[in-house]
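Okay, so the sequence shown: first residue is 3 according to this note's numbering, each after it adds one.
The structure appears below as structure tokens.
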Amino acid sequence: MKKICGLLEDYLMENLDEKNRKLFESHLDECESCRKSVEAFSKIEQSLNSIPKVSVPEGFSASVMEKIYERKEKVLGWYVYGIVAFLSFAVSVVAVYLLGFDYVAAKVYSVASTVYAFASSFSVALSTLSGSLYNSIDFGGLNGVVLTFVFVMICFGFAKSVKIFTREVK
3 MKKICGLLED
13 YLMENLDEKN
23 RKLFESHLDE
33 CESCRKSVEA
43 FSKIEQSLNS
53 IPKVSVPEGF
63 SASVMEKIYE
73 RKEKVLGWYV
83 YGIVAFLSFA
93 VSVVAVYLLG
103 FDYVAAKVYS
113 VASTVYAFAS
123 SFSVALSTLS
133 GSLYNSIDFG
143 GLNGVVLTFV
153 FVMICFGFAK
163 SVKIFTREVK
């Protein structure tokens with residue numbers, strides 16, 4: 003009996019030959035579990051077939067596949083970032099081991115100090131320039147126009163330099 007119950011899935015998918023199909027259909031008269039399963043499958047199939055069909059616009063599947071591909075590229079980029087982070091950590095551990103902690107700590111502090119000094123200098127320059135710009139604008143005067151141009155160029159240069167460090171991996 004259990005062997006015949008094992009034919010349930012093939013019966014529902016209509017993958018049985020004529021002999022096994024008739025054998026299973028006669029089994030349905032005896033086995034309440036298989037009969038309930040067939041009835042439930044029939045109800046589900048009827049419900050699914052009663053749902054109205056939706057037509058999709060031309061090129062819909064190509065658009066979906068393109069979005070999936072773009073998502074895969076972004077995920078791949080995160081894998082690259084993860085690998086770079088891991089390798090950076092590994093190189094740091096090896097450097098600390100080979101060169102000594104004090105030497106590496108001094109170099110890291112030196113780099114951090116340089117980055118901080120740059121950010122601090124840029125912040126001071128930007129605030130000074132923006133203050134000068136605000137104070138010297140005489141609406142129509144050459145001085146305000148020149149300062150505005152210089153301010154925009156400094157902001158543009160900073161944005162370009164930041165973009166170098168945040169370039170996407172393709």
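Cβ coordinates follow ideal geometry from the N, Cα and C atoms, glycine included.
Length of the line joining the Cα atoms of residue i and residue j
{"i": "S125", "j": "S65", "result": "44 Å"}
{"i": "K45", "j": "H29", "result": "20 Å"}
{"i": "G2", "j": "V96", "result": "Missing from the structure shown is residue 2; the chain here goes from 3 to 172 and no further."}
{"i": "A119", "j": "F160", "result": "15 Å"}
{"i": "E127", "j": "G133", "result": "Position check: residue 127 holds Ala in this sequence, whereas Glu was assumed. C-alpha separation (whole angstroms): 10 Å."}
{"i": "K172", "j": "C33", "result": "Any reading at K172 must be qualified, since the residue scores a pLDDT of 45, below 50, and its modelled position is unreliable; the value itself is stated next. The straight-line gap from Cα to Cα measures roughly 59 Å."}
{"i": "K69", "j": "Y81", "result": "19 Å"}
{"i": "E72", "j": "F88", "result": "25 Å"}
{"i": "S122", "j": "S112", "result": "15 Å"}
{"i": "E16", "j": "P54", "result": "24 Å"}
Own chain partners of residue i with C-beta closer than 6 Å, once the 5 adjacent residues on each side are dropped
{"i": "S57", "result": "none"}
{"i": "F43", "result": "L14"}
{"i": "I6", "result": "H29"}
{"i": "M67", "result": "none"}
Whole-angstrom C-beta distance between residue j and residue i, which should lie under 8 Å
{"i": "V40", "j": "L14", "result": "7 Å"}
{"i": "L9", "j": "N22", "result": "6 Å"}
{"i": "V86", "j": "V98", "result": "The pair is not a contact, with the Cβ atoms about 19 Å apart (cut-off 8 Å)."}
Same chain only: Cβ atoms within 7 Å of residue i, ignoring 5 sequence neighbours per side
{"i": "A92", "result": "none"}
{"i": "F26", "result": "I6, L9, Y13, L18"}
{"i": "R37", "result": "L30"}
Cut-off 8 Å between Cβ atoms - residues of its own chain near residue i, not counting five sequence neighbours on either side
{"i": "S49", "result": "none"}
Residue i (DSSP reduced to helix, strand or coil)
{"i": "N2", "result": "Here the chain has residues from 3 to 172 only, and residue 2 is not among them."}
{"i": "L10", "result": "helix"}
{"i": "V96", "result": "helix"}
{"i": "D31", "result": "coil"}
When the options are compared against residue i, the one with the closest alpha-carbon
{"i": "S129", "options": "T116, V110, D104, I156", "result": "I156"}
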